[in-house]
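Residue numbers (my numbering): 3 to 91. We put the beta carbon where it would ideally sit given N, CA and C, even for glycine. Encoded as structure tokens, the structure appears first; notes follow it.
Here it is in structure tokens:
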């Protein structure tokens, strides 16, 4: 779990406002100690070919749609080897 200090720092920096909706995934990586950006990039490239990969241009609804899928399908196998629990949502 992310520390209160880290959480406060993300808020102080207005991280999501500065980075865009994809910033939610960065924070989620800190909260869960799991990959979220790599799976998102793989999913986004597959489902939005040719679309901009600039984080500031990715709409919040796209991140919301990604968070509804089984993210584990886009996690590289080497990150699954020691993790027998389902990927948290």
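Local conformation of residue i per DSSP, three classes
| i | result |
| --- | --- |
| residue 37 | coil |
| residue 82 | coil |
| residue 57 | helix |
| residue 63 | helix |
| residue 25 | helix |
| residue 77 | coil |
C-beta contact flag for residue i and residue j at 8 Å
| i | j | result |
| --- | --- | --- |
| residue 32 | residue 55 | no |
Residue of the options minimising C-alpha distance to residue i
| i | options | result |
| --- | --- | --- |
| residue 7 | 47, 29, 74 and 45 | 29 |
| residue 62 | 9, 25, 10 and 11 | 25 |
| residue 78 | 44, 34, 21 and 9 | 44 |
_the region 38-48 touching the region 11-19, judged by at least three CB pairs closer than 8 Å_ = no
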